[in-house]
Structure formats: structure tokens, C-alpha cells
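Heads up: the sequence lines are chains A and B, in that order.
All residue numbers for the first sequence refer to our numbering, where the first residue is 1 and numbers rise by one.
All residue numbers for the second sequence refer to our numbering, where the first residue is 1001 and numbers rise by one.
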Amino acid sequence: MDIVVVFLIIFGLIFFTGGAVGILRFPDFYSRLHPAGKLDTGGGFLIMVALALFNLHHFSLSTLLTSFKIILIVVFVFLSSPTAIHGIVDAGVRAGLGPWTKKND
Amino acid sequence: MDTFFLYCGLYLSFLMALSLYRAVFGPTVLDRLIGVNAIGSKTAVLLILIGLIYHRVDMFVDIALAYAMLNFIAVLAASRYFQKRKGLFGE
């Protein structure tokens, strides 16, 4: 059980590393939203599932409720994070922010 | 296992410091918003890790849920506010 938890957490940290590097290194605003939207959601999903599994070691009603709440956070983040990213994209489009092309580099 | 969680939390804090660069030096206002959103989504995970280190997950999971909601509402409200303004990208 611990091996599964450690593997899930390490994969989630790899996802988070990719998200942070992508936010730092991509050239313009719209391409920076791509790692921010996908990799942060995926990394949070993997790490939170691992922590919910680890929390079920001493099985009782209270730890089951706590793991259920962690899964609830996962569901909420899956709904809310892409919505927030889409709101930022919408703000950029309506403000007239142009995409990055090869010419204006 | 506690030591592993401690080092995971430290590494997550390091990644948050990397995202803070985009939140401080971003060329436009919306880039700063991306950095703030990335830091917030990492903080919800970090709060549950802190709860596992202190053996009080039942208390910290409620704080993490409230923080995830607060982050979502803050980013959405800020993006709705900034889309009305002209000259956003020229600073």
C-alpha cells in the first residue's frame, strides 16, 4: 500500500514540476495557460488520491469521512480549475491580447 | 513516512517559489493571475500534507476545501474585473 502511495505522490510531483517549468518558460500568455490548466489539475488529482489512500490505513468511520472529503476536494478542483483558466483566457481575448507568432519574436 | 511527507512539502514550497516569479515579474496582469492560480492550487495540496505531518487531517481537510473554493472565486472575480479594462497588456 505504501509503495502505491509513494509512486502516486512522486508522479504528482513530476506533474507539478512540469507545470511550474511550463509557466516559467513558455513564450506568451496563451501558451502559459496550457501547463497551468492541465498539469496542476493532474498533479493535484494524483497527490490527493494518494493521500486519501494513505489516510485509510487505520480504517474507521472518521478516517473514511476524511478520505471522502479529500475526494470531494479532488472533484471540486476538477470542476473549478479549468473554469478559472477559461475565465482568464476569456479576459485575455476580450482585452484584445494577441497570440504569439513567429514574426513578433 | 512522515519524513517523506515533509520533504514532499518542502519540494512543493520550492515549486510555489518558482511560480511566484511569474506572479511578481509577469509582463501582463493576466500572467500574474496565472501565477497566483498555480500557487493556490499547490496550496490546497500542501495543507493536506501539513495535516498528515501533524496527524490532524480531519481538521486540515476542511481548511483545504475552503482554500480551494476561495482560490477559485478570487481568480474568477479578478478575471471578470480585468476584462472590462482597456490597455491591459501594455501595463
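C-beta: ideal position from N, C-alpha, C; glycine also.
Note that the structure is a prediction, hence the values are computed from the model and not measured.
Can you grab the Cα-Cα spacing for the pair residue i / residue j, in whole Å?
| i | j | result |
| --- | --- | --- |
| Asp1058 of chain B | Ala1066 of chain B | 13 Å |
| Glu1091 of chain B | Val1029 of chain B | The predicted position of Glu1091 of chain B is uncertain, since its pLDDT is 47 and thus under 50; a value taken from the coordinates is nonetheless stated next. Their backbone Cα atoms lie some 8 Å apart in a straight line. |
| Ile47 of chain A | Ala1077 of chain B | 27 Å |
| Gly1026 of chain B | Thr41 of chain A | 22 Å |
| Ile23 of chain A | Thr1003 of chain B | 29 Å |
| His57 of chain A | Arg94 of chain A | 50 Å |
| Ile1034 of chain B | Lys102 of chain A | 23 Å |
| Ala1023 of chain B | Val1036 of chain B | 6 Å |
| Gly1009 of chain B | Leu33 of chain A | 24 Å |
| Pro82 of chain A | Ile1050 of chain B | 26 Å |
| Val4 of chain A | Phe1014 of chain B | 24 Å |
| Gly29 of chain A | Ala1038 of chain B | Strictly speaking, residue 29 of chain A in this sequence is Phe, with Gly absent from that position. C-alpha separation (whole angstroms): 14 Å. |
Our contact map puts residue i next to residue j with C-beta atoms below 8 Å; I'd like the distance itself, whole angstroms only.
| i | j | result |
| --- | --- | --- |
| Ala1044 of chain B | Gly44 of chain A | 7 Å |
| Val1061 of chain B | Lys69 of chain A | 5 Å |
| Trp100 of chain A | Pro27 of chain A | 5 Å |
| Ile1073 of chain B | Leu1047 of chain B | Actually they are not in contact, since the Cβ atoms of Ile1073 of chain B and Leu1047 of chain B sit about 17 Å apart, beyond 8 Å. |
| Val1075 of chain B | Ala84 of chain A | 4 Å |
| Lys1042 of chain B | Phe16 of chain A | 7 Å |
Could you give the first and the last residue of the continuous alpha helix (DSSP H) run that contains residue i?
| i | result |
| --- | --- |
| Arg1022 of chain B | Asp1002 to Phe1025 |
| His58 of chain A | It is not in any alpha helix (DSSP H) - His58 of chain A carries neither H nor E in the DSSP assignment. |
| Asp28 of chain A | Taken as a continuous stretch (DSSP letters only), Asp28 of chain A belongs to no alpha helix (DSSP H), as it is neither H nor E. |
| Lys1042 of chain B | Val1029 to Tyr1054 |
| Met1069 of chain B | Val1057 to Phe1082 |
_chain B contacts made by the segment 74-92 of chain A, where a contact means CB separation under 8 Å_ = Cβ contacts with chain B: Phe76, Val77, Ser80, Ser81, Thr83, Ala84, Ile85, Gly87, Ile88, Asp90, Ala91 and Gly92.
*Quick one, which residues of the segment 1029-1057 of chain B are near chain A if we go by CB-CB under 8 Å, in chain order?*
Residues of the segment 1029-1057 of chain B whose Cβ lies closer than 8 Å to any Cβ of chain A, in chain order: Leu1030, Asp1031, Leu1033, Ile1034, Gly1035, Asn1037, Ala1038, Ser1041, Lys1042, Ala1044, Val1045, Ile1048, Leu1049, Leu1052 and Val1057.
*Going along the segment 13-45 of chain A in order, which residues come within less than 7 Å of chain B, judged by CB to CB distance?*
Within the segment 13-45 of chain A, contact with chain B at the beta-carbon level (separation under 7 Å) is assigned to Leu13, Phe16, Thr17, Gly19, Ala20, Ile23, Leu24, Phe29, Arg32, Leu33, Ala36, Asp40 and Gly44.
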